[in-house]
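Undergrad:
There are 4 protein chains.
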Amino acid sequence: MSPRTPEQFEEIREAKRALILDTALELFANEGFFKTSISDITKKAGISKGLIYNYFESKEALIRTIAFNGIDNLLKNFDPNSDSILTKEELQYFIEQNFVILQKNVYFWKLYFGIIVQPQVLTLVEKELMRLFIPLYKMLENYFKSQGKKNPAAEARFFGAMIEGVYMNYVMDPKYFPIEDIKQKIIDLYIK
Amino acid sequence: MSPRTPEQFEEIREAKRALILDTALELFANEGFFKTSISDITKKAGISKGLIYNYFESKEALIRTIAFNGIDNLLKNFDPNSDSILTKEELQYFIEQNFVILQKNVYFWKLYFGIIVQPQVLTLVEKELMRLFIPLYKMLENYFKSQGKKNPAAEARFFGAMIEGVYMNYVMDPKYFPIEDIKQKIIDLYIK
Amino acid sequence: MSPRTPEQFEEIREAKRALILDTALELFANEGFFKTSISDITKKAGISKGLIYNYFESKEALIRTIAFNGIDNLLKNFDPNSDSILTKEELQYFIEQNFVILQKNVYFWKLYFGIIVQPQVLTLVEKELMRLFIPLYKMLENYFKSQGKKNPAAEARFFGAMIEGVYMNYVMDPKYFPIEDIKQKIIDLYIK
Amino acid sequence: MSPRTPEQFEEIREAKRALILDTALELFANEGFFKTSISDITKKAGISKGLIYNYFESKEALIRTIAFNGIDNLLKNFDPNSDSILTKEELQYFIEQNFVILQKNVYFWKLYFGIIVQPQVLTLVEKELMRLFIPLYKMLENYFKSQGKKNPAAEARFFGAMIEGVYMNYVMDPKYFPIEDIKQKIIDLYIK
DNA sequence: AATGAATGAGAGTTCATTCAT
DNA sequence: AATGAATGAACTCTCATTCAT
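Chains as they are written, first to last, in this note's numbering: chain A, 2 to 193; chain B, 2 to 193; chain C, 2 to 193; chain D, 2 to 193.
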């Protein structure tokens, strides 16, 4: 008869919040942000339409939260120190980590591509996403400079574009894309 | 004041059709398919809302036409003969052609990425787009086989993914992406 | 830690009830009935959303209670005996009392005008409000009749309308409305 | 078969616009702005829900248009020249005009009171409404000054408040409010 | 061939109210 | 007595599409 304790409420909130985020991520990733209605999300999550606004201010706030969560989660796995220069072994580890992360976060990467290819749509999110990759590019640039490359910035951008292309092809067709062979190919290319 | 000949009518129709397609392509590419309303297109094209349905059955038919036109236009520039095997010189030409086409069709490629990253959205279009690239992949596979590569299919997919990654980075940031350096880098990589 | 007596419970209930009524009055008056949500009230009162329904059946019941309380409180200050006929001195006192009450209950009067100008909205409340003014009108009518006025009913309604107009202007702009001058003007007008 | 001429379209638009404005004014006046939904308006006007947005940007734009139209229409009947000073005869005409206007625009005045008593709701409209009455107050002030009144500003505000009170009582109960008697009473009061 | 007024389904969002605790 | 998560109906607004002219 007595009300739930604040801790109980907090538990409920956390669980429900996570349910909404997970459901929304899956739908946004698979169906696209615009094709996914709030109704779609609440139906799949088994909650009422109103409840989602108890947890998120708006549909855009929802995707922004998802995007930032994803990036946070991502960067935890990298922690690139852009000042120190990578050794070849560390680059190999970095590449391999990339593939681990890719395969563990397919939904997130689908969403990521859905966002970046429509810049005007979610400007804020997109700008933030970009900014988060800057340290990674810096790190790569430093590495290529240390390797005596003539144009380390271009090398870094090529590396990034290549990885992004591989990511995109994988998330679009994870079943048949020869991800292992391609990982090996990239390692051979950069680690000799 | 004399009545128009059937040929003149046809000319007018063709011009209007092209106007609609061009306008829609630009808007779809820059603003995204969902953010672009039929009204946006007719306003920018200076025509009435009804007229667009005189030429296209629906908004989806419109984007499908644009996508197919783009692909057609694209393949004209390649005309890959998947039976004959490329020489190294031909591959170099193929790569260079790729970059020419990329830079000549930025709008189309923006649209392309907008479409493929949301498969469920425009299933038909996406399926067709994929199918059109099969001969190119076949051609690449044959080439890598002729070069004695162990896994020519994976090599082809890697090549395709890499190109796609470069394309995507270029269309998102054509001003600063070091496209020339990267073209050279790819040529060096594959042509030695 | 000793259990509370029934009297203490009653005290707590009364205090909570008053808190809700005061908070709601202020918000209804300043922001309007429709613009004020139950959430707004509970937030400002520092209570939970459920609690308000422990004290009031519905949002409409809440405003109805507020309106009736206000009127009760008002009439206590007048206690017009509609049978006995006012002297000039008593009318002057009545007028002066009016201005005291106006300045002491600005929130209530704001709410009052918010309610009466939208009759269909809160029919019940509005009907009740009207009914409560009948004795005042009767009293005024009697007074004007005793003063030999040809049309005492019209005189009473004019008096009422004038007062209402002054009230409305005051609550809308209490800082700059020259309330004292106007009180004097009315006294001069009716008391000679 | 040929499309309507621009003139025909203009005619249609004007007629429909007027229908929407009239319907909305009646509903806003009688039921209140918040109680009246866009659906209520379109249902009563016999049009589809979407159409209203072909003519007005939003519900607020709709009430703003109605309010400004009403004021425009009103001021046309006054055209107060705030520099020249009214004679007694002109003041009498002004008062009589007031009552003509009141009785011809009952819906507008209901709406007017609905708006001004909820200042926070439609700030913009309300501010504008107020501004439009300034010349009238100025004119009254000048008149009372010319009559040798000690406090012409307060006299003007009292006059305005009294008129407003009468207006409000009339629109709330036009059937029984003794408007003619009260008009005479005011004329007697001010014209002697 | 061309117009744009009109439709209506469905979107995102709000909020009075309920209810398990 | 008290909590706040949860509901669902109703809201404002959008937009692809239709159709009379």
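Yeah, the Cβ is synthetic: ideal placement off N, Cα and C, and Gly gets one too. Note that the structure is predicted; figures quoted are calculated from it, not measured.
When the Cα of A:Ile-96 is compared with those of A:Pro-175, A:Ile-21, A:Val-167 and A:Ile-13, which residue comes out closest?
TA: Within the first sequence, numbered from 1, the residue matching residue 96 of chain A stands at position 95. That would be A:Val-167, whose Cα lies nearest to the Cα of A:Ile-96.
Undergrad: Mind checking the stretch 58–79 of chain A against chain B and listing, in chain order, the residues whose C-beta falls within less than 9 Å of any C-beta there?
TA: Within the stretch 58–79 of chain A, no residue places its CB atom closer than 9 Å to a CB of chain B.
Undergrad: First and last residue of the alpha helix (DSSP H) that includes C:Ile-53?
TA: Locating residue 53 of chain C in the third sequence gives position 52, counting from the first residue. Where C:Ile-53 is concerned, the enclosing alpha helix (DSSP H) stretches over 50–56.
Undergrad: Taking 8 Å as the CB-CB limit, is C:Gln-148 close to chain D?
TA: If you number the third sequence from 1, residue 148 of chain C lands on position 147. It does not; no Cβ of chain D falls within 8 Å.
Undergrad: What would DSSP say about A:Tyr-138, mapped onto helix, strand or coil?
TA: Stepping through the first sequence from its first residue, residue 138 of chain A is reached at position 137. Helix, per DSSP.
Undergrad: With DSSP collapsed to three states, give me the class of D:Pro-4.
TA: Working through the fourth sequence from its first residue, we reach residue 4 of chain D at position 3. Here DSSP, grouped into helix, strand and coil, assigns D:Pro-4 to coil.
Undergrad: Output needed for A:Leu-28: all residues of its chain with C-beta closer than 7 Å, excluding positions within five of it in sequence on either side, in chain order.
TA: If you number the first sequence from 1, residue 28 of chain A lands on position 27. Taken in chain order, the residues that qualify are Thr-37, Asp-41, Ile-42 and Lys-45.
Undergrad: Classify A:Met-169 as buried or exposed, calling it buried when 16 or more other Cβ atoms lie within 10 Å of its own Cβ.
TA: Counted from its first residue, the first sequence places residue 169 of chain A at position 168. Classification of A:Met-169: buried, given that the 10 Å Cβ count is 16 or more.
Undergrad: Mind checking the stretch 91–119 of chain D against chain C and listing, in chain order, the residues whose C-beta falls within less than 8 Å of any C-beta there?
TA: Lys-111, Phe-114, Gly-115, Ile-117, Val-118 and Gln-119
Undergrad: Starting from B:Pro-153, trace the alpha helix (DSSP H) both ways and give me its first and last residue.
TA: The residue you call residue 153 of chain B lines up with position 152 of the second sequence. Segment 153–173, the alpha helix (DSSP H) holding B:Pro-153.
Undergrad: Could you give the distance in angstroms between the alpha-carbon of B:Arg-65 and the alpha-carbon of D:Pro-4?
TA: For the purposes of this step, residue 65 of chain B is taken as residue 64 along the second sequence, with counting starting at 1. For the purposes of this step, residue 4 of chain D is taken as residue 3 along the fourth sequence, with counting starting at 1. About 30 Å.
Undergrad: With a threshold of 16 other CB atoms inside 10 Å of the CB of B:Val-101, please say whether the residue is buried or exposed.
TA: Counted from its first residue, the second sequence places residue 101 of chain B at position 100. Its Cβ having fewer than 16 others within 10 Å, B:Val-101 is exposed.
Undergrad: Cα separation between B:Ile-53 and B:Glu-15?
TA: Taking the first residue of the second sequence as 1, we reach residue 53 of chain B at position 52. Taking the first residue of the second sequence as 1, we reach residue 15 of chain B at position 14. If you take the alpha carbons of B:Ile-53 and B:Glu-15, they lie about 13 Å apart.
Undergrad: So the alpha helix (DSSP H) A:Leu-87 belongs to, where does it begin and stop?
TA: Position 86 of the first sequence, counted from the start, is the residue given in the question as residue 87 of chain A. First-last for A:Leu-87: undefined, no H or E at that position.
Undergrad: CB-CB under 8 Å to B:Gly-161, same chain, minus the five flanking residues each way: which ones, in chain order?
TA: Position 160 of the second sequence, counted from the start, is the residue given in the question as residue 161 of chain B. Phe-134, Leu-137, Tyr-138 and Leu-141, listed in sequence order.
Undergrad: Apart from the five residues just before and just after A:Ile-117, which ones in its own chain have a Cβ nearer than 7 Å to its Cβ?
TA: Taking the first residue of the first sequence as position 1, residue 117 of chain A is located at position 116. These residues qualify, in order along the chain: Glu-127 and Leu-130.
Undergrad: For A:Ile-67, which option in A:Ala-19, A:Glu-91, A:Lys-176 and A:Phe-159 has the closest C-alpha, if you only look at C-alpha atoms?
TA: Position 66 of the first sequence holds residue 67 of chain A. With distances taken between Cα atoms, A:Ile-67 lies closest to A:Ala-19.
Undergrad: Please classify A:Tyr-191: does DSSP put it in a helix, a strand, or coil?
TA: Stepping through the first sequence from its first residue, residue 191 of chain A is reached at position 190. Here A:Tyr-191 sits in helix by DSSP.
Undergrad: Just tell me which of B:Glu-8, B:Ile-48, B:Ala-154 and B:Lys-151 has its CA closest to the CA of B:Ala-25.
TA: For this step, residue 25 of chain B is matched to residue 24 along the second sequence. If we check each option's Cα against that of B:Ala-25, B:Ile-48 comes out closest.
Undergrad: Is there at least one Cβ from chain C nearer than 8 Å to D:Glu-142's Cβ?
TA: The sequence position of residue 142 of chain D within the fourth sequence is 141, counting from 1. Chain C, which has no Cβ nearer than 8 Å to the Cβ of D:Glu-142, makes this no.
Undergrad: What separation, rounded to the nearest whole angstrom, lies between the Cα atoms of C:Leu-76 and D:Leu-63?
TA: Within the third sequence, numbered from 1, the residue matching residue 76 of chain C stands at position 75. Within the fourth sequence, numbered from 1, the residue matching residue 63 of chain D stands at position 62. Going from the Cα of C:Leu-76 to the Cα of D:Leu-63 covers about 40 Å.
Undergrad: Using CA coordinates, which residue listed in A:Glu-181, A:Ala-155, A:Phe-109 and A:Ala-154 is at the minimum distance from B:Arg-158?
TA: Residue mapping note: residue 158 of chain B aligns to position 157 of the second sequence, counting from 1. Closest option to B:Arg-158, Cα to Cα, is A:Glu-181.
Undergrad: In angstroms with no decimal places, state the Cα-to-Cα distance between C:Met-2 and C:Phe-10.
TA: In the third sequence, residue 2 of chain C corresponds to position 1, counting from 1. In the third sequence, residue 10 of chain C corresponds to position 9, counting from 1. Residue placement at C:Met-2 cannot be trusted, given a pLDDT of 47 that sits under 50; the coordinates are not used to answer.
Undergrad: Among C:Lys-89, C:Glu-90, C:Asn-74 and C:Glu-91, whose alpha-carbon lies nearest the alpha-carbon of C:Lys-105?
TA: Mapped onto the third sequence, residue 105 of chain C falls at position 104. It is C:Asn-74 whose Cα lies nearest to the Cα of C:Lys-105.
Undergrad: Evaluate A:Glu-156 with the Cβ neighbour count: other Cβ atoms within 10 Å of its Cβ, from every protein chain shown; 16 or more gives buried, anything less gives exposed.
TA: Taking the first residue of the first sequence as position 1, residue 156 of chain A is located at position 155. So A:Glu-156 counts as buried.
Undergrad: Compare the Cα-Cα distances from C:Thr-88 to each of C:Trp-110, C:Gly-71, C:Ser-147 and C:Ile-72 and report the closest residue.
TA: In the third sequence, the residue the question calls residue 88 of chain C occupies position 87. With distances taken between Cα atoms, C:Thr-88 lies closest to C:Ser-147.
Undergrad: Can you check whether the C-beta of A:Asp-189 is within less than 8 Å of a C-beta belonging to chain B?
TA: Residue mapping note: residue 189 of chain A aligns to position 188 of the first sequence, counting from 1. Closer than 8 Å: no.
Undergrad: Taking just the CA atoms, how far does A:Ile-39 sit from B:Ala-30?
TA: As a first step, residue 30 of chain B is located in the second sequence; it is residue number 29 there, counting from the start. As a first step, residue 39 of chain A is located in the first sequence; it is residue number 38 there, counting from the start. Rounded to whole angstroms, B:Ala-30 and A:Ile-39 show a C-alpha spacing of 25 Å.
Undergrad: At a CB-CB cut-off below 7 Å, which residues of chain B make contact with A:Ile-39?
TA: As a working mapping, residue 39 of chain A is identified with position 38 in the first sequence. The premise fails here: A:Ile-39 is roughly 15 Å from chain B at the closest Cβ pair, so nothing lies under 7 Å.
Undergrad: Once DSSP output is grouped into helix, strand and coil, what is the label at C:Asn-31?
TA: By one-based count along the third sequence, residue 31 of chain C stands at place 30. Helix, per DSSP.
Undergrad: Could you tell me the boundaries of the alpha helix (DSSP H) in which D:Asn-78 lies?
TA: Here residue 78 of chain D is taken as the residue at index 77 of the fourth sequence, counted from 1. Taken as a continuous stretch (DSSP letters only), D:Asn-78 belongs to no alpha helix (DSSP H), as it is neither H nor E.
Undergrad: Can you give me the Cβ contacts of B:Tyr-171 inside the same chain, cut-off strictly under 7 Å, excluding the 5 residues immediately before and after it?
TA: For the purposes of this step, residue 171 of chain B is taken as residue 170 along the second sequence, with counting starting at 1. Closer than 7 Å at Cβ, skipping near neighbours: Leu-103, Phe-178 and Ile-180.
Undergrad: Does the beta carbon of C:Ala-162 come closer than 8 Å to any beta carbon on chain D?
TA: Translated into the one-based positions of the third sequence, residue 162 of chain C becomes position 161. For C:Ala-162, the answer is yes, since a Cβ of chain D falls inside 8 Å of its Cβ.
Undergrad: Following the continuous alpha helix (DSSP H) through D:Lys-111, name the residue where it begins and the one where it ends.
TA: Here residue 111 of chain D corresponds to residue number 110 of the fourth sequence, with the count starting at 1. Run containing D:Lys-111: 107–117, per the alpha helix (DSSP H) assignment.
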